[in-house]
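Here is the structure we will look at, set down as structure tokens.
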Amino acid sequence: MPAEREIAARGIVEGTARGPALVAAEAISFLGDVDILSGTIVGDLPSVHGKSMRGTVLIFPYTRGSAGAWRFLHQLHKHGNAPVALVTASVPDPSVVQGAILSRIPVACAPAQDLAALASDGDMIELVVSGERATLRLARR
Amino acid sequence: MRLSDHEQAMLDGRHGAAKQRAMAGLVQLGRAFDAPRMVEIGYAHIHAGMALYLDDVELIEDLAQLGAKMAVPASVNVANTDMKNWRQIGAPEKLVRLQRRAESAHHKMGSNCAFTCTPYWAGHWPTWNTHMTSIESTVTIFCNSVLGARSNRDGFFAVYAAITGRYPMFGYHLDVNRRGTILVRTDARLDGTSDFSALGFHVGRMAGDGVPVFDGFANRPSLDELDALGAGLATSGGVSMFIVPGVTPPFAALADAFAGERPPDPLVVSRAEIDAVYDYFCPSPAAKFDIVHVGCPHASLEEMKHYARLLSGKRIADGTELWISTSRGVRRSAEEAGIVRELEAAGAKVISDTCPISCHLARTVSPDPALGVVPPPIKAVVIDSAKQAKYVRDMIQCATLLTGTEEAVETALTGRFVSRRAPARV
Chain A
2 MPAEREIAAR GIVEGTARGP ALVAAEAISF LGDVDILSGT IVGDLPSVHG
52 KSMRGTVLIF PYTRGSAGAW RFLHQLHKHG NAPVALVTAS VPDPSVVQGA
102 ILSRIPVACA PAQDLAALAS DGDMIELVVS GERATLRLAR R
Chain B
2 MRLSDHEQAM LDGRHGAAKQ RAMAGLVQLG RAFDAPRMVE IGYAHIHAGM
52 ALYLDDVELI EDLAQLGAKM AVPASVNVAN TDMKNWRQIG APEKLVRLQR
102 RAESAHHKMG SNCAFTCTPY WAGHWPTWNT HMTSIESTVT IFCNSVLGAR
152 SNRDGFFAVY AAITGRYPMF GYHLDVNRRG TILVRTDARL DGTSDFSALG
202 FHVGRMAGDG VPVFDGFANR PSLDELDALG AGLATSGGVS MFIVPGVTPP
252 FAALADAFAG ERPPDPLVVS RAEIDAVYDY FCPSPAAKFD IVHVGCPHAS
302 LEEMKHYARL LSGKRIADGT ELWISTSRGV RRSAEEAGIV RELEAAGAKV
352 ISDTCPISCH LARTVSPDPA LGVVPPPIKA VVIDSAKQAK YVRDMIQCAT
402 LLTGTEEAVE TALTGRFVSR RAPARV
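As given, the protein sequences belong to chains A and B, one line each in that order. Add 1 to the 1-based position in the first sequence for this note's numbering, that's all there is to it. Add 1 to the 1-based position in the second sequence for this note's numbering, that's all there is to it.
Structural data, given as structure tokens:
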């Protein structure tokens, strides 16, 4: 087994998930930036445009507001196209937190390492959130 | 997060599975936003369960199945079809049947099946300092800014709050967030709800998630105008609250709105900025249109009377549809007053429970494919609300023609678009 590194973060929504990283440099709105029926990112987000968020550990700086965001995250989940986990720099909007709880998608924020240096697209990440403690496990670089 | 004995008992499941699930969600939400404790709420405006989204009605049915009951007065938000007069908007029958399942579940739980974005016109009027929550941001901003209640822009968890009677204490439940962040001074002549919605839309773009304070209105805006202002602000920005000194409790004077601090330099809004919002939503004023819509947010009885005055004894042009959306509660009052008969005699369709962007005209929905929902082709919609305009553009994905209420009705009567910017008004 390859050596792992562990990065601490703040736990927002409890749970455990594992998947390949998808790292966006821009803020994401679940209303409008993603096609619910495919999981493809269709918004004006140059770093991830055209990529699918399905099954990924989605890493991005913060959520852009829409009070309806919970429903679109929940719809992504119901249509089988949701990310398996969210990791953000700042706490996501309350609506996104609610959508994640409803869809059992663990969420962590404020990891102890800069988002850009945290992972590259495709790196396998395991996220464990228990209470207010979150741990990201990645293969060592 | 500190919980009372009763809250802890709900979390531990000693008051049933529904309250346990609801409290567990609220506690996680509260932790995420550093809420020190819960507040007791007095009112909630909650999710309908929407038939145009896969398994979304089931979210509400699941709660009813678990035995959930509303612990506080709870009104239900807009749904995806008119559950009674659905044929007139061409809704698929399967969609209607699914939507009615949500209605049954709400009845079982003791919700008020208002199915509206303006529950205040249906009798829900939370008062000063009432903690509450709302899934509809227009309701949040009206209740914070006009009634002085305390609400965040919320999501699904508004129903959890209604079931437990609790909400985590953060955001607009705290005094520290209920103060002005920007000062808006306007000398523009504002007349009617469409102008106020345009003002809100313009200011919302600059206000972020702050609290704009309005100074300089020539008159106290009407309740309908205040509602339109809030809807505009909540649409283009993340605004949850505005302050009009002398209107918004408890801010009697401008100085109170900034908690005694010196107000920032004002953002000055003139008529040119209001006109620019109409222009923004009329990219091609000669566009062919299918539907003229008024009643966003859902019309009050005052607005229904206004439409009747404009339409009485007249008839809309052939090939034109005029949709008037309101709540079923206001519709009932308007029926009793003979207003609906007058509107329908003029050829208008009076629609409850839903509106153009919330029904099967929207292209951004994700229903169960088995429902067979196919959005009909729409060329353009004429509207009198900047909120509806924004979402017609984003969700129905067709052209918009934004104008005033009187001009929208005139458009329906003549079959030709009448601009708010017509030379006669400039």
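For each residue, glycine too, the CB sits at the ideal point set by N, CA and C.
Residues within the region 59-73 of chain A neighbouring chain B, beta-carbon criterion of under 8 Å: So the list reads G66, A68, G69, A70, W71 and R72, given in the order they occur along the chain.
With a threshold of 6 Å on Cβ separation, who are the neighbours of B/T187 within its own chain once the five nearest residues in sequence on each side are excluded? In the second sequence, residue 187 of chain B corresponds to position 186, counting from 1. So the list reads G217 and V270, once near-sequence residues are dropped.
Beta strand (DSSP E) runs contained entirely in the region 13-46 of chain A, provided each spans 3 or more residues: Runs of the beta strand (DSSP E) inside the region 13-46 of chain A: 16-24.
Could you tell me whether the Cβ of A/V98 comes closer than 7 Å to any Cβ of chain B? Taking the first sequence and counting its residues from 1, the one referred to as residue 98 of chain A is at position 97. It does: the Cβ of A/V98 has a partner Cβ on chain B nearer than 7 Å.
Is B/D83 closer than 7 Å to B/I358 when the C-beta atoms are compared? Translated into positions along the second sequence, residue 358 of chain B becomes position 357. Translated into positions along the second sequence, residue 83 of chain B becomes position 82. Going by C-beta atoms, B/I358 is not nearer than 7 Å to B/D83.
Under 8 Å Cβ-Cβ, which residues of chain B neighbour A/L38? Locating residue 38 of chain A in the first sequence gives position 37, where the first residue counts as 1. Listed along the chain, the chain B residues whose CB falls inside 8 Å of the CB of A/L38 are S367.
In chain order, what residues of the same chain lie with their CB nearer than 8 Å to the CB of B/K70, ignoring the 5 residues before and after it? Along the second sequence, one-based indexing puts residue 70 of chain B at 69. Excluding residues within five positions, the ones whose Cβ falls inside 8 Å are A19, M110, G111 and I164.
Leaving aside the five residues before and after B/T321 along the sequence, list all residues of the same chain whose C-beta is less than 7 Å from its C-beta, in chain order. Here residue 321 of chain B is taken as the residue at index 320 of the second sequence, counted from 1. Here B/T321 has V293, A413 and G416 as same chain residues with Cβ atoms under 7 Å from its own Cβ, once five neighbours each way along the sequence are excluded.
Counting only beta-carbon atoms, is B/V427 nearer than 7 Å to chain A? Counting from 1 along the second sequence, the entry for residue 427 of chain B is found at position 426. Because B/V427 carries a pLDDT of 41, less than 50, the predicted location of this residue cannot be relied on, and no value is offered for it.
Would you please state the rounded distance, in angstroms, between the beta carbons of A/G20 and A/G56? I believe it to be under 8 Å. Position 19 of the first sequence holds residue 20 of chain A. Position 55 of the first sequence holds residue 56 of chain A. Indeed, because the Cβ distance is near 5 Å, the residues count as touching under 8 Å.
Find out if the Cβ-Cβ distance for the pair B/A80, B/D354 is shorter than 7 Å. Within the second sequence, the letter at position 79 stands for residue 80 of chain B. Within the second sequence, the letter at position 353 stands for residue 354 of chain B. For the 7 Å CB-CB criterion, B/A80 and B/D354 form a contact.
How is B/V77 classed by DSSP in three states: helix, strand or coil? Walking along the second sequence from the start, residue 77 of chain B turns up at place 76. B/V77: strand per DSSP, three-state reduction.
Beta-carbon proximity check, B/I90 vs B/L200, cutoff 7 Å: Here residue 90 of chain B is taken as the residue at index 89 of the second sequence, counted from 1. Here residue 200 of chain B is taken as the residue at index 199 of the second sequence, counted from 1. No Cβ-Cβ contact shorter than 7 Å links B/I90 with B/L200.
Could you give the distance in angstroms between the alpha-carbon of B/A123 and the alpha-carbon of B/E303? For the purposes of this step, residue 123 of chain B is taken as the residue at position 122 of the second sequence. For the purposes of this step, residue 303 of chain B is taken as the residue at position 302 of the second sequence. When rounded, the distance between both Cα atoms is 13 Å.
Report yes or no: is there a C-beta of chain B within less than 7 Å of the C-beta of A/V88? Against the first sequence, residue 88 of chain A aligns to sequence position 87. So no, A/V88 is outside the interface.
Beta-carbon separation of A/F61 and A/F31 under 7 Å? Translated into positions along the first sequence, residue 61 of chain A becomes position 60. Translated into positions along the first sequence, residue 31 of chain A becomes position 30. For A/F61 and A/F31, no; Cβs fall outside 7 Å.
Of all the CB atoms in chain A, is at least one closer than 7 Å to the CB of B/Q9? Within the second sequence, the letter at position 8 stands for residue 9 of chain B. Output row for B/Q9: interface = no.
Tell me the DSSP secondary structure of A/F61 in three-state form. By one-based count along the first sequence, residue 61 of chain A stands at place 60. The DSSP-derived three-state label of A/F61 is strand.
How do the region 68-88 of chain A and the region 105-122 of chain A stand: do at least 3 beta-carbon pairs fall below 8 Å, yes or no? As far as the Cβ criterion goes, the region 68-88 of chain A touches the region 105-122 of chain A, which means the pair count is three or higher.
Determine, for B/Q29, whether the minimum Cβ-Cβ distance to residues of chain A falls below 7 Å. Working through the second sequence from its first residue, we reach residue 29 of chain B at position 28. Yes, because at least one Cβ of chain A sits closer than 7 Å to the Cβ of B/Q29.
How far does the beta strand (DSSP E) with B/A44 in it extend, from its first residue to its last? The residue labelled residue 44 of chain B in the question sits at position 43 within the second sequence. Per the sequence shown, residue 44 of chain B should be read as Tyr rather than Ala. Judged by DSSP secondary structure, B/Y44 falls within the beta strand (DSSP E) whose first and last residues are Y44 to I47.
Rounded to a whole number of angstroms, what is the C-alpha to C-alpha distance between A/R65 and A/A140? Numbered from its first residue, the first sequence carries residue 65 of chain A at position 64. Numbered from its first residue, the first sequence carries residue 140 of chain A at position 139. Straight-line Cα distance between these residues: approximately 30 Å.
Do you know how far the Cα of B/P246 is from the Cα of B/L449? In the structure as shown, chain B starts at 2 and stops at 427, and residue 449 of chain B therefore has no counterpart that could be examined.
Mapping the DSSP letters down to three states, classify B/W87 as helix, strand or coil. Position 86 of the second sequence, counting from 1, holds the residue named residue 87 of chain B. In this structure, B/W87 counts as coil in the three-state DSSP scheme.
Environment of A/R134 [buried if 16+ CB atoms lie within 10 Å]: As a working note, residue 134 of chain A is residue 133 in the first sequence. The C-beta of A/R134 has fewer than 16 other C-beta atoms within 10 Å across all chains shown, which makes the residue exposed.
For B/M242, list the residues DSSP reports as bridge partners. As a first step, residue 242 of chain B is located in the second sequence; it is residue number 241 there, counting from the start. The partner list for B/M242 (beta bridge, DSSP) is empty, contrary to what the question assumes.
Does any CB atom of chain B fall closer than 7 Å to the CB of A/K79? Here the question's residue 79 of chain A lines up with position 78 in the first sequence. Yes, because at least one Cβ of chain B sits closer than 7 Å to the Cβ of A/K79.
Determine, using beta carbons only, whether B/S138 comes closer than 7 Å to chain A. Within the second sequence, residue 138 of chain B is the residue found at index 137, counting from 1. It does: the Cβ of B/S138 has a partner Cβ on chain A nearer than 7 Å.
Three-way DSSP call (helix, strand, coil) for B/A425 in this model: In the second sequence, the residue the question calls residue 425 of chain B occupies position 424. Confidence at B/A425 is low in this model, with a pLDDT of 48, below 50, so the placement of that residue should be treated as unreliable; the coordinate-derived value is given next. The answer is helix: DSSP assigns B/A425 an H, G or I state.
My output table needs one value for B/D280: the three-state DSSP class, helix, strand or coil. Taking the second sequence and counting its residues from 1, the one referred to as residue 280 of chain B is at position 279. In the structure shown, B/D280 sits in a helix (DSSP, three-state: H, G or I).
Measure the beta-carbon distance from B/I317 to B/A347 and round it to whole angstroms, keeping in mind my assumption that it falls under 8 Å. Here residue 317 of chain B is taken as the residue at index 316 of the second sequence, counted from 1. Here residue 347 of chain B is taken as the residue at index 346 of the second sequence, counted from 1. That pair is a contact at about 6 Å.
Coarse secondary structure for B/H7, derived from DSSP in three states: Residue numbering aside, residue 7 of chain B sits at position 6 when the second sequence is read from its first letter. Looking at B/H7 - three-state DSSP - the assignment turns out to be helix.
With distances taken Cα to Cα, identify the nearest neighbour of B/K388 among B/G43, B/A115 and B/T194. Along the second sequence, read from residue 1 onward, the residue named residue 388 of chain B stands at position 387. For B/K388, the nearest C-alpha among the options comes from B/T194.
Using a Cβ cut-off of 8 Å, pull out every chain A residue sitting near B/L55, in sequence order please. Sequence index remark: in the second sequence, residue 55 of chain B carries index 54 (1-based). Neighbours of B/L55 on chain A, chain order: Q76, K79 and H80.
Whole-angstrom distance between B/Y44 and B/N113, CA atom to CA atom: Position 112 of the second sequence, counted from the start, is the residue given in the question as residue 113 of chain B. Position 43 of the second sequence, counted from the start, is the residue given in the question as residue 44 of chain B. When rounded, the distance between both Cα atoms is 11 Å.
Is there contact between the region 231-239 of chain B and the region 387-404 of chain B, where contact requires at least three CB pairs shorter than 8 Å? Proximity of the region 231-239 of chain B to the region 387-404 of chain B meets the contact definition, three or more beta-carbon pairs being nearer than 8 Å.
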